[in-house]
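Trainee:
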Amino acid sequence: MMRHAVPRGLAIAGLMLLVGVAMADPAPAAETAWSRQTTPAPGAARVIGGYTEGCIAGAVALPLDGPGYTVLRPQRLRYFGHPSLIAVIRDLGARADAEGWGTLLVGDLSQPRGGPMSYGHASHEAGLDADIWLRLLPPGQRLSPAERRDPTPVSMVRAGATAADRDRWSPTHGALIRAAARDPRVARLFVNPAIKATLCDAFPPDRAGNARWLRKVRPWYGHDSHVHLRLHCPTDSPACVPQDPPPPGAGCEPAGFAWWYERIAARLAEQARQAVPAAAPVARPPQSVPPACAALVPAR
């Protein structure tokens, strides 16, 4: 039995939002100088700024296919990152291949020079973030070109549930997230709160050092079909702005899950008061980057 049950009304209202009913991508912003870049900035790898307001020089492209992984939507040109991020993904793919977990579907990393994206993310700007889908292909299987360009996500959480969908979630998903979280290069992994609750039950934090890696796995809106992986600031980038460390503890306390569902229910109520359709995209305010990033974008 799950130890993270919350009042039914909060669970239904909150998780409807969490699985995407009101979590459409933000409205596309106008194309920016950053989204027009097609090649990395020259020079050694160097992150400037933070995950939500930053850029990267010397980014590296993740090969579109490798042992245990394949890149989705390559037409977006969002498969660039710091060399450490590329190494983490390739290592995780190799682990998936060796363990027989299947082929990882890799979503967005960053643009060639990082910076704000025209749609889809408020982070992923510094070459240190990547989305790993929870839809796993059978070992050795690949997507067709059409499927790669326009893939179908698979949610691991049903509306109204406080745990991952047993028909789709498997121990392999837990093993994958645990492997990523145990990597010392990884600072955080964002997942749907119901997925975090499932992990807390599958890997009790009072056993075998689970609390150490579970602490990195943070609940966040959406993230029912993918894991958002985020690296620490690399040592070669003194201008990189780190995120504060996660709060102490494994983050498996029932009160924390209740807080999440209450917060999400409040967001839904506010949308209703403003007569905003549940699936309506929310326009994102213009994003800024550190002044030092200006040198990475050619003047027009």
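FYI, the numbering for the sequence shown is -24 to -1, 1 to 276, going by mature numbering (1 follows the signal peptide of the UniProt record, and there is no 0). Just so you know, even glycine gets a beta-carbon here, dropped at the ideal spot from N, CA and C. Source: prediction; values computed, not measured.
Indicate whether Leu190 and Gly150 have their beta-carbon atoms separated by less than 8 angstroms.
Mentor: Numbered from its first residue, the sequence shown carries residue 190 at position 214. Numbered from its first residue, the sequence shown carries residue 150 at position 174. Result no, Cβ atoms of Leu190 and Gly150 do not sit closer than 8 angstroms.
Trainee: Using 8 angstroms as the threshold, is the segment 227 to 242 in touch with the segment 194 to 202, meaning 3 or more CB pairs across them?
Mentor: Touching, yes, given that three or more Cβ pairs across the two stretches are closer than 8 angstroms.
Trainee: Here's the rule I'm using: 16 or more other beta-carbon atoms within 10 Å means buried, otherwise exposed. How should Ser99 be labelled?
Mentor: Position 123 of the sequence shown holds residue 99. Classification of Ser99: buried, given that the 10 Å Cβ count is 16 or more.
Trainee: What does the alpha-carbon distance come out to for the pair Thr46 and Pro39?
Mentor: Looking up residue 46 in the sequence shown gives position 70. Looking up residue 39 in the sequence shown gives position 63. Cα to Cα, Thr46 sits roughly 8 angstroms from Pro39.
Trainee: Rounding to the nearest angstrom, what Cα-Cα distance links Gln13 and Cys31 in this structure?
Mentor: What you label residue 13 is simply residue 37 of the sequence shown in a count that begins at 1. What you label residue 31 is simply residue 55 of the sequence shown in a count that begins at 1. Gln13 and Cys31: Cα-Cα distance of roughly 12 angstroms.
Trainee: Indicate the three-state DSSP secondary structure (helix, strand or coil) for Ser94 in the structure shown.
Mentor: Here residue 94 refers to the residue found at position 118 when the sequence shown is read from its first residue. Here Ser94 sits in coil by DSSP.
Trainee: List the whole-angstrom C-beta distance separating Asp67 from Asp84, where the pair is believed to meet the contact cut-off of C-beta under 8 angstroms.
Mentor: Sequence index remark: in the sequence shown, residue 67 carries index 91 (1-based). Sequence index remark: in the sequence shown, residue 84 carries index 108 (1-based). Wrong, their Cβ atoms sit about 19 angstroms apart, outside the cutoff.
Trainee: Using alpha carbons as the reference points, say which of Ala20, Leu175, Met132 lies closest to Ile153.
Mentor: Numbered from 1 along the sequence shown, position 177 holds the residue referred to as residue 153. Cα-wise, what sits closest to Ile153 is Leu175.
Trainee: Please state the DSSP three-state secondary structure of Asp105.
Mentor: As a position in the sequence shown, residue 105 is number 129, starting the count at 1. Asp105 falls in the strand class under three-state DSSP.
Trainee: At which residues does the alpha helix (DSSP H) containing Val217 begin and terminate?
Mentor: Stepping through the sequence shown from its first residue, residue 217 is reached at position 241. Taken as a continuous stretch (DSSP letters only), Val217 belongs to no alpha helix (DSSP H), as it is neither H nor E.
Trainee: Measure the alpha-carbon distance for Phe179 versus Pro114 and round it to whole angstroms.
Mentor: Locating residue 179 in the sequence shown gives position 203, counting from the first residue. Locating residue 114 in the sequence shown gives position 138, counting from the first residue. So the two alpha carbons sit approximately 25 angstroms from each other.
Trainee: Please give me, in chain order, every unbroken run of the alpha helix (DSSP H) with length at least 4 that falls completely inside the segment 29 to 83.
Mentor: 59 to 75, all fully within the segment 29 to 83.
Trainee: Under a Cβ-count criterion, where at least 16 other Cβ atoms within 10 Å of its own Cβ denotes burial, should Arg118 be classed as buried or exposed?
Mentor: Start at 1 with the first residue of the sequence shown, and residue 118 comes out as number 142. With fewer than 16 other Cβ atoms within 10 Å, it is exposed.
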